[in-house]
Amino acid sequence: MNNELLAIVPARAGSKGVPRKNKMLVGGKPLIDYTVDALSIAKSVSGIIVTTDDPDILQYYRSHQGILLVKRPAELSQDQSKTSDAVFHALQAWKIHKGNLPRSILLAQPTTPLRTAEDIDAAFSLFCSMGKQPTISACKVDGIRHPKVMYRLGSPDNLTGSLYIEDTDNDIQRQQYEVLYQRNGAVYIVATEYFLRTGDLKSSSPVIYEMPWARSINIDIADDFKIAKALIESGLNQGQDQ
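Going by the numbering used here, the first residue of the sequence shown is number 568, and it counts up by one from there.
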């Protein structure tokens with residue numbers, strides 16, 4: 568196995584939006600399994616780390632030979648803790664275990680379970696073809712979520728809205744909206760050198776790997792989990808062309 572791409576799966580035990588979401592059962596297995604399974608199938612991934620403070624997750628993957636388990640310290644597992652700090656800690660553990668560092672890093676969050684092995688391989692191929700610039704996955708913003716149809720309130724007590732984007736041409740058709748993309752959290756790929764130098768897993772002008780909205784669900788609240796569960800149980804994550 569080469570040392571090209573190390574996948575890091577951050578799985579903190581605490582979660583305010585959806586408690587214990589990483590190990591909630593979907594289709595008979597924990598949510599985190601969908602991410603680990605996709606990484607295990609992806610041809611581009613040369614190693615997998617699961618970094619967690621959750622004893623149940625540590626026990627669950629203890630016999631999995633393809634995963635390096637990293638017990639995350641409490642100071643890196645708080646609500647205010649930065650993911651980048653957990654990634655740096657995981658990299659140090661990898662270096663101690665393997666004696667070297669990977670050339671590139673993939674951050675794969677369990678909360679975006681519908682990304683496929685094909686997504687991972689395609690995003691990494693794009694990353695390589697674009698000179699190893701920071702690469703993220705994103706989905707196209709549809710009409711009802713476009714900034715042109717968003718309003719802001721003057722204050723919580725003032726229900727009079729004003730357009731988020733001031734525009735004299737309010738009659739423009741939806742098909743004419745500027746094409747925008749929303750980061751979906753499924754894939755972050757950076758060169759290890761870039762991460763160690765900047766401490767960042769993205770840039771202000773990243774390469775965009777496009778994913779459809781249906782595979783871009785990022786579980787942050789209970790309704791997100793219900794949608795992801797329905798999509799997974801429908802078989803949507805079984806192939807990229809679905």
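Note that CB positions come from ideal geometry on N, CA and C, so glycine has one too.
Local Cβ density within 10 Å of residue i, reported as buried at 16 or more and exposed below that
| i | result |
| --- | --- |
| M717 | exposed |
| T727 | exposed |
| I687 | buried |
| Y731 | exposed |
| D600 | buried |
| A684 | buried |
| T765 | exposed |
| S801 | exposed |
| D808 | Confidence at D808 is low in this model, with a pLDDT of 38, below 50, so its placement is unreliable and the value that follows should be read with caution. Flag for D808 reads exposed. |
| R719 | exposed |
| H631 | exposed |
Residues bridged to residue i [DSSP beta-bridge criterion]
| i | result |
| --- | --- |
| F577 | The residue you asked about is not Phe; residue 577 is Pro in the sequence shown. DSSP, once it has assigned bridges, lists T618 as partnering P577. |
| Y718 | L730 |
| N725 | S722 |
Residue i versus the options, residue with shortest Cα-Cα distance
| i | options | result |
| --- | --- | --- |
| Y761 | P701, T618, S696 | P701 |
| V637 | Y627, A797, V774, I616 | I616 |
| D620 | W780, A609, R639, D709 | R639 |
| I786 | L798, Y776, E777 | L798 |
| D709 | A781, S771, S692 | A781 |
| R579 | L598, I608, V593 | L598 |
| I634 | I756, L693, I608, A690 | I608 |
| L763 | A653, S704, I784 | A653 |
| K610 | E571, I624, S772, S704 | E571 |
| K662 | K596, S704, L573 | L573 |
| K769 | K699, D724, C706, A795 | K699 |
| K793 | G594, T759, G581, L674 | G594 |
*asked:* As an exercise, report each continuous alpha helix (DSSP H) stretch of at least 4 residues that is fully enclosed by the stretch 653-701, in chain order.
replied: 684-696
*Length-filtered (3 minimum) beta strand (DSSP E) runs lying within the stretch 593-623*: Listed in chain order, they are 614-619.
*Starting from the N-terminal side, write out each stretch of the alpha helix (DSSP H) that is 4 residues or longer and does not extend beyond the stretch 727-797.*
DSSP runs (the alpha helix (DSSP H)) wholly in the stretch 727-797: 759-765.
_Meets three-Cβ-pair contact criterion under 8 Å: the stretch 671-691 and the stretch 745-753_ = Below 8 Å, enough C-beta pairs join the stretch 671-691 and the stretch 745-753 to call them touching: three or more.
*Is the stretch 654-667 touching the stretch 584-593 in the sense that three or more CB pairs, one from each, lie closer than 8 Å?*
no
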